[in-house]
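Remarks on the structure that follows.
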Amino acid sequence: MSDISVQLKNEAAAKLPAPITVADALRQLDRALAKQALTAKVDGRDVDLTFELQPQENGDAVRIEPVLPETLEGLGVLRHSTAHLLAAAVLDLFPGSKLGIGPPLLDDPRYGFFYDVIAPRPLTDADLPAIEKRMREIGKRNFAYRREEISREEALRIFRERDEPLKCELIENKGGPVVSVYYIDGTPFIDFCIGPHVPNTNKLRAFKLLSLAGAYWMGDSERPQMQRIYGTAFFTQEELDAWIKQREEAERRDHRRLGRELDLFSIQEEYGQGLIFWHPNGAMIRKQMEDYLYEELVKRNYSFVYTPHIAKRELWQISGHEQNYGDSMFAPTKLEDTEFRLKPMNCPFHIGIYKSQQRSYRNLPQRYAEMGTVYRAELSGTLHGLMRVRGFTVDDAHLFCTPDQVRREISDCVDFVNQVFHTFGFDKVKFELSVKGSDTSKQYLGAEEDWAQAEAALADSLNERGIDYARVEGEAAFYGPKIDFKIEDAIGRLWQLGTVQWDFNLPERFELEYIGEDNKPHRPVMVHRALFGSIERFFGVLIEHYAGAFPLWLAPVQIAVLPITDRINEYAEAVAKQLRGDGLRIEIDLRSEKISAKIRHAQLQKVPFMLVLGDRERDENRIAVRERTRGDIGTMTVEEFQRMARDLVTRRALVNIE
RNA sequence: GCCGGCGUAGCUCAGUGGUAGAGCAUCUGAUUUGUAAUCAGAGGGUCGGGGGUUCAAGUCCCUUCGCCGGCUCCA
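Here numbering that gives the first Met the number 0 is used: the first residue of the first sequence is 0, the next is one more, and so on.
See below:
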């Protein structure tokens, strides 16, 4: 028996008798660590604890680094192994089930893992508790996760015998000559899997199955649809409980619930899916959002335009929308032998305005802004509250400029969007630079060097502001690269808001020109940009962001005037009138209710300020002010309050009180 | 569009084949109130729509529409 030199992390190397497994080596080096370890890295390679250490050929020490709980990597292993446990339970309860894939999910806060299955009969939510129970039973019996390396042919034979066609397909597509499979001993489960896994099922304690959903095999809607079982797992029950609690709190912020409770908007079946009705409260907020934007647009030297909602079909053929985007457009409608289509985007209309006269380099850039309402034929299953709708308004703008000007324009757009997010108090915006992919199946327009130049301009505008962004290959539009701004909703879904896009396509298609210094025609560069993206979606995100408690400048009702008795009504009316005269939005509660009931009502409506008025206030000609989150903040004169409120509104302050 | 689930009063929900209910909200009356729910009464429903089984359907079956969670899609 020879020795093997083993080094634990950065500690000194030790000689251990070979052969020896990682688990045994760890036990000899550090018992506490050995107990905790889930898997390990051996010279940087992920392995199970049962992995047998081999001496290095050059005699160097083998470096072991255990993968421990409470690390992201450890969590990934835990969830991956839990997914296997799930599959084992399904096979046990529903023999004959076909298995798909079952990965851990670390990026998506909604879930921890899933496994795709086709059971002999469709599973329903009611089956989840039984499956979870079986997982616990298996878990308690401390079965081992056992890895085996076998030939590809052997693996195919095993999975064919078990009638697992999907697994066979995976092996054929992904497997090398030797593949690894994992068993959970004591169960009928075997998986084609690269690992690594926890040593035994006893490690898995805090897990929960969450939901059941449909999912296409290999994400292809032409292929069979499977059932995806979602679950999550943590190292301790406390972590799991905290996660569940947080999820419940998040659900309380759901904009669909708050939209109803605060009477902000509705969607009405009898009028059509995905069409938004802005009620007075929501419309008031929207007006504040738009007013803010208009103010900024003027400061940034944009021009305003208004354009139609519908245009000749031919226009959409010239623009290429019909060819590239036709599935998302409402079908044509005919009038006197001419076909028309509702607009899914505003760009062709703004181009129409650009083309209405000859342009010179001297009067570029032209910046056309419009709150343009567009209609898209989204599939019914994709609709979601305000976030995904069929009719929405884009705070759109198109910038027409010379090639020399475009970098500056893009940079200004990024500055603008940054300011907007700052104003609304968003701090968790994700920036993505979407560029051309290497995938040749997607047709991209424009020359290689144009793409490189455009990408550099976009990247620079982010870099010069120190904005973190992800570069995403293959996500660019076919007509050019873009920057997207995304944000998470209350339940962890990511939604795209605004975008800045460089367009190689439309200036060509519409043969746009400007006359240059050389007195010759040149092609302008076109940039699309939206900050909110869709006003509906941005509003949805805003509702959840503030949990319905809007800052003063946005709140539909800013101040509730609450007289304590009927005697005070007249004084209350006078106070309300004075504040209204200053442009503040006031509601007065003259109901025959106790003051605590009126306060409760205003609190539930999340009104920022309440003015409690009784005999004392009237006699002293003052008001008692209550702030939504602070409660009673004392009395003051109407003028003092008015000054404070006006200041908060003017500054678009995010909090009502410093 | 596809898979699974769910549709009962404005909202949240109860109602396992035998006379459609509760709380909140709304309206009316009484009460005149000091910082998160005063009391009493009233109105409100073709139980999502259509069809079927049955002596009898909110309840069972079929179908259709919508909603929810995913998948696909998402300029």
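All residues carry an ideal CB built from backbone N, CA and C; glycine is no exception.
Euclidean distance between Cα positions of residue i and residue j
i, j, result
"A282", "A596", "27 Å"
"V499", "F430", "11 Å"
"E158", "G73", "Per the sequence shown, residue 158 should be read as Phe rather than Glu. Going by the C-alpha atoms only, they are around 29 Å apart."
"A548", "Q557", "11 Å"
"S150", "I189", "15 Å"
"K481", "W501", "6 Å"
"I191", "P103", "Inspection of the sequence shows that residue 191 is occupied by Phe rather than by Ile. So the alpha carbons of these two residues sit roughly 15 Å apart."
"P562", "L589", "7 Å"
"V405", "R536", "28 Å"
"M386", "Y468", "23 Å"
"Q641", "F303", "33 Å"
"M225", "A376", "26 Å"
"L98", "H600", "53 Å"
"L553", "D403", "39 Å"
"Q247", "V419", "Here the sequence assigns Glu to residue 247, which means Gln is not the residue at that position. The straight-line gap from Cα to Cα measures roughly 29 Å."
"H383", "G273", "8 Å"
"D253", "L583", "28 Å"
"H160", "G194", "The question names His, but residue 160 is Glu in the sequence shown. Distance between the alpha carbons of E160 and G194: 23 Å."
"D488", "T422", "18 Å"
"K605", "R651", "17 Å"
"Y675", "N141", "Because the chain here runs from 0 to 657, residue 675 falls outside it and cannot be looked at."
"Y661", "L209", "In this structure the chain extends from 0 to 657, so residue 661 is not present and cannot be described."
"L363", "Y301", "12 Å"
"L461", "L292", "22 Å"
"E238", "G424", "29 Å"
Cβ neighbours of residue i in the same chain (closer than 7 Å, five flanking residues each side left out)
i, result
"E335", "none"
"H278", "D262, L263, F264 and S265"
"R659", "Examination of residue 659 is not possible in this model, given that the chain is present from 0 through 657 alone."
"L32", "L25 and P65"
"A88", "I130, R133, M134 and I137"
"E69", "F234"
Contact check, residue i vs residue j, beta carbons under 9 Å
i, j, result
"W58", "S4", "Note that residue 58 corresponds to Gly in the displayed sequence, not to Trp. It is a contact, given that the beta carbons lie within the stated cut-off."
"T123", "L211", "yes"
"Q577", "V624", "no"
"F93", "A118", "yes"
"V297", "M344", "no"
"R259", "E250", "no"
"P607", "R579", "no"
"M288", "I534", "yes"
"P523", "T337", "no"
"D614", "T564", "yes"
"T634", "R645", "no"
Where residue i falls: helix, strand or coil (DSSP)
i, result
"E335", "coil"
"R470", "strand"
"P562", "strand"
"I3", "strand"
"M344", "coil"
"I350", "helix"
"Y367", "strand"
"T235", "coil"
"S327", "helix"
"K8", "coil"
"S265", "strand"
"P279", "helix"
"I639", "Before going on, a small fix: residue 639 reads as Glu here, not Ile. Of the three classes helix, strand and coil, the one that applies to E639 here is helix, per DSSP."
"R621", "coil"
8 Å Cβ shell around residue i - same chain, five flanking residues per side excluded
i, result
"L169", "I100 and F191"
"H196", "T38, D47, V76, H79, S80, H83, Y144, R146 and Y181"
"F509", "I317, S318, P347, I350 and K354"
"Y570", "P562, L612, E616 and R617"
"V654", "P550"
"I598", "L561, M609, V611 and R625"
"Y305", "E369"
"N504", "G319, L444, G445, F477, Y478 and G479"
Residues near residue i in its chain [Cβ-Cβ closer than 6 Å; skip 5 each side]
i, result
"E321", "W315"
"I19", "L52"
"T235", "A205"
**Request:** Please list the segments of the beta strand (DSSP E) lying wholly inside the segment 127–208, counting only runs of 3 or more residues, in order along the chain.
**Result:** 144–150, 177–183 and 189–191
**Request:** Could I get the ranges of all uninterrupted beta strand (DSSP E) runs contained in the segment 472–556, with 3 residues as the minimum, in chain order?
**Result:** 481–487, 493–502 and 524–533
**Asked** Which whole runs of the beta strand (DSSP E) in the segment 50–132 are 3 residues long or more, in chain order?
**Response** 61–66 and 112–117
**Request:** Give, in chain order, every unbroken run of the beta strand (DSSP E) that is at least 3 residues long and sits entirely within the segment 571–609.
**Result:** 585–587
**Prompt:** Where in the segment 375–435 do unbroken runs of the beta strand (DSSP E), each at least 3 residues long, occur, reported from the N-terminal end onward?
**Reply:** 390–400 and 429–434
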